[in-house]
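Input: a single structure, listed below in structure tokens.
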Amino acid sequence: MAFVSCVGSTFSGARLSAKVARPSAKISMMAKSKALPFLEAPKNLDGSDPAGDSQFDPFGFTTFFPKAWMQEAEVKHGRIAMLAALGFLVEEFVRLPFYSAPHLIVDTHDYFVKGGPLLQILIFTSAWELICGTPAIFETLQGSSRKPGEFWFDPLKLGGEDEATKHKMRTHEIIHGRTAMIAVSGMIHHQFLTKMNLVEQLSTGKIMPGA
0 MAFVSCVGST
10 FSGARLSAKV
20 ARPSAKISMM
30 AKSKALPFLE
40 APKNLDGSDP
50 AGDSQFDPFG
60 FTTFFPKAWM
70 QEAEVKHGRI
80 AMLAALGFLV
90 EEFVRLPFYS
100 APHLIVDTHD
110 YFVKGGPLLQ
120 ILIFTSAWEL
130 ICGTPAIFET
140 LQGSSRKPGE
150 FWFDPLKLGG
160 EDEATKHKMR
170 THEIIHGRTA
180 MIAVSGMIHH
190 QFLTKMNLVE
200 QLSTGKIMPG
210 A
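Start counting the sequence shown at 0; every next residue gets the next number (numbering that gives the first Met the number 0).
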């Protein structure tokens, strides 16, 4: 009888613990993404690195790849996009006398691919990434204090000295980089459709194809 009562109490205790555990599981299932409240929050974007972490990962990239690796890629692409967005505007007002490439950026790409300069840029940037970028990201993945995208290049001292300012500037950089990536995509798309530069589109009001 003692054995039966012991087994019975064990099963009843298991049922009780299961009942108690269900609400916590339900609560974790209900955690929603900050950016997309209709989706569950990505499990690897838990806010442990809050700079720019809006829990936006609808395709689940951070589930399959290390979060630091994806953050490194985002920061680098954001920086390139910010430079590209600035270049889109500058080239409409500043033209070097020896520059003979086509007027539109979308045509310039093909021009420099055929001429060879873009191949030189590809080789240089690939070598730079291999020599400097790869060791840096592996250092981060191994648990060092290095933040994704951190190369300690701050000649104007804009990043600040204290941690609060550094965090603020990192967040600004990530947000501006994301905006620039979307903006550059739109600039290229509009040039391809309208065959006009940005200033031409805005000054003539022809922001839509065929307008």
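The C-beta atom is built at its ideal place from N, Cα and C for all residues, glycine as well.
query, result
"Start-to-end residues for the alpha helix (DSSP H) that takes in M186", "E162 to T193"
"As assigned by DSSP and simplified to three states, the class of E71", "helix"
"For K205 and W151, the rounded distance between their alpha carbons", "43 Å"
"Per DSSP, cross-strand counterpart(s) of K31", "E39"
"Length of the line joining the Cα atoms of V124 and A182", "This sequence places Thr at residue 124; Val is not what is there. Going by the C-alpha atoms only, they are around 23 Å apart."
"G176 vs V74 beta-carbon contact at 8 Å", "yes"
"Distance, G159 Cα to K165 Cα", "6 Å"
"Bounding residues of the alpha helix (DSSP H) (the contiguous stretch that carries H108)", "I104 to G114"
"Classification of Q54 by the beta-carbon crowding that lies within 10 angstroms, buried from 16 upward", "buried"
"Simplified DSSP state of S143, which is helix, strand or coil", "coil"
"Inter-residue spacing [alpha-carbon to alpha-carbon] between Q200 and K194", "9 Å"
"Three CB pairs or more closer than 8 Å across the segment 137-156 and the segment 55-75", "yes"
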